[in-house]
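Chains as they are written, first to last, in the working numbering: chain A, 1 to 175; chain B, 1 to 175.
C-beta: ideal position from N, C-alpha, C; glycine also.
Notes follow the structure.
2 protein chains.
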Amino acid sequence: MEGVKTISSQGLAHLSGVTSAQVRKDLSYFGNFGKRGLGYLVARLKKEIRLILGLNRRWKVALVGAGNIGSALFSYKEFRRQGFYFAAVFDVSAERVGQRLRDLHILNVDSLKTETERLGIEIGVIAVPARAAQSVADRMVQAGMRGILNLAVELESLSFSIKALNGRPARRARR
Amino acid sequence: MEGVKTISSQGLAHLSGVTSAQVRKDLSYFGNFGKRGLGYLVARLKKEIRLILGLNRRWKVALVGAGNIGSALFSYKEFRRQGFYFAAVFDVSAERVGQRLRDLHILNVDSLKTETERLGIEIGVIAVPARAAQSVADRMVQAGMRGILNLAVELESLSFSIKALNGRPARRARR
DNA sequence: TCGTGTGAACGAATTCACAGCG
DNA sequence: CGCTGTGAATTCGTTCACACGA
């Protein structure tokens, strides 16, 4: 794929496993950057997609939950490479508050709103046990965050998609 | 919500943010466990859902990638609580192979197939950099795993869903 | 000529709305 | 009478197929 200057909707379809018509419809939704009789310029396409996904800018992120999953994401280079960087870390646990995660002090989650406003944080990442996730999400909305990413929910939907591959066939509904 | 014995499709709709008709259709797909004029018995519903999601059994899981994300998931109690337990851990890195992750030796990923068969592993978890994920997935299929969970892909789709909440409005396609 | 962009046809999923059971 | 379960109506998304520009 290296050195290819241009790619057709069919080529993209082949790579991604969807139909070429789908590729064209989806891309045309964001603008007309294909060239008729030619296809899409790979370099242009790459740039447009980064723009569409918001990967052309850096997002200030707050992490709530400095346990295993939270700490791991904090150290996960890919995540930073995508343009998300951690401006603050919060936790509820008295023993964790005051500790550090790399260069950041772990703050009490009660200061979420003030810190969010002070630092201009836009996105919250929830890495707490599933049962606590909802109340954290509520606080984040309160604090004015524009995006929330809930790792607990993600993990639950994962177990579901695994089941979908495996399950005893579901009893068919009457029709 | 504690102590509630029964819940209507409307109640569930309100909690989950979908329509009540949707709730009823979805549940009826798996069987008829609602009571007319009453709603769904919470205890019954809980049991049925665990069954549907496959949370009533334990799944043997192999982890590939013993880096930050992999180690974190390995230590993440919720994941075990959902019935997934790690029977083996693999990595490519010569320095990691032979080390231990808690009670498990980190094995070379080349032994994936033999170990999968020997231990009866059913699900693979991929926790490697995104660029390496596809080849690991291929090996897992080769090894006969029935479900694959790719954390790299998950993290990518997360960044997308964040954007959906925030993005500058996309240019509308002509109609 | 090749391959996009897009109406039109089609199919799937959601919502409506109500018969019927508890 | 309240609320499920489910056909029918409707909406939404995908695929088809082709006019048109490069």
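- The continuous beta strand (DSSP E) containing Ala87 of chain A extends over residues 84-91.
- Around the beta carbon of Asn150 of chain A, a 10 Å sphere encloses 16 or more other beta carbons of the protein chains shown; the residue is thus reported as buried.
- When secondary structure is reduced to three states using DSSP, Thr114 of chain B falls in the helix class.
- By the beta-carbon neighbour count (other beta carbons within 10 angstroms, threshold 16), Phe33 of chain A is exposed.
- In the three-state reduction of the DSSP assignment, Val125 of chain B falls in the strand class.
- Our two residues, Trp59 of chain B and Val61 of chain A, have alpha carbons roughly 34 Å apart in a direct line.
- When Cβ pairs closer than 8 Å are counted between the two stretches, the stretch 62-75 of chain A is seen to touch the stretch 111-128 of chain A, the count reaching three or more.
- Among the CB atoms of chain A, none fall inside 8 Å of the CB of Phe90 of chain B.
- Below the 9 Å Cβ cutoff, chain B contributes Ile69, Pro129, Ala130, Ala152, Leu155, Glu156 as neighbours of Glu78 of chain A, in chain order.
- Taking all protein chains in view, the Cβ of Asp110 of chain A is surrounded by fewer than 16 other Cβ atoms within 10 Å, so the residue is classified as exposed.
- Under DSSP, Ile7 of chain B takes part in a beta bridge, and its partners are B:Tyr40.
- For Ala13 of chain A, none of the residues of chain B pass the 9 Å Cβ criterion, the least Cβ distance being about 17 Å.
- Closest option to Glu48 of chain A, judged by alpha-carbon separation, among A:Thr19, A:Met145, A:Asp26: A:Asp26.
- In terms of beta-carbon proximity, Ala133 of chain A stays away from the interface with chain B, with every pair separated by 8 Å or more.
- Scanning its chain for C-beta atoms nearer than 8 Å, with the 5 sequence neighbours on each side dropped, one finds around Glu117 of chain A the residues Ala143, Gly144, in chain order.
- Chain order gives the chain B residues near Ser75 of chain A as Asn68, where near means a beta carbon separation below 8 Å.
- Counting every other CB atom within 10 Å of its CB across the protein chains shown gives Ala66 of chain A a total of 16 or more, marking it as buried.
- For the stretch 41-59 of chain A, residues whose beta-carbon sits nearer than 8 Å to a beta-carbon of chain B comprise Ile52, Leu53, Gly54, Leu55, Trp59.
- In this structure, Val97 of chain A sits near Leu107 of chain A, with a CB-CB distance shorter than 8 Å.
- Of the residues assessed, Glu95 of chain B falls on the exposed side of the cut-off, its CB having fewer than 16 other CB atoms within 10 angstroms.
- DSSP, reduced to helix, strand and coil, places Asn108 of chain B within a strand of the structure shown.
- Rounded to the nearest whole angstrom, the C-alpha separation of Thr114 of chain B and Val89 of chain B is 13 Å.
- Listed along chain A, the residues sitting closer than 7 Å to Gln82 of chain B by beta-carbon distance are Ser159.
- A direct Cα-to-Cα measurement between Val141 of chain A and Gly147 of chain A gives close to 9 Å.
- For Ala21 of chain A, none of the residues of chain B pass the 9 Å Cβ criterion, the least Cβ distance being about 14 Å.
- Distance from the CA atom of Ala152 of chain B to the CA atom of Gln134 of chain A, rounded to whole angstroms, is 24 Å.
- In this structure, the straight-line span from the alpha carbon of Ala13 of chain A to that of Phe86 of chain A is close to 35 Å.
- With a cutoff of 8 Å on beta-carbon distance, Ser159 of chain A and Gln82 of chain B are scored as near each other.
- Taking the Cα positions, Asp138 of chain B is about 26 Å away from Ser8 of chain A.
- One Cα belongs to Ile162 of chain A, the other to Lys77 of chain B, and the distance between them is close to 18 Å.
- Ala72 of chain B has a beta carbon lying within less than 8 Å of a beta carbon in chain A.
- For Ile123 of chain B, a Cβ of chain A is located within less than 8 Å of the residue's own Cβ.
- Residue environment for Val18 of chain A: exposed (fewer than 16 other C-beta atoms within 10 angstroms of its C-beta).
- The alpha-carbon separation between Leu38 of chain A and Leu45 of chain A amounts to approximately 13 Å.
- By the Cβ-count criterion, Asn56 of chain A is exposed, with fewer than 16 other Cβ atoms from all chains shown falling within 10 Å of its own Cβ.
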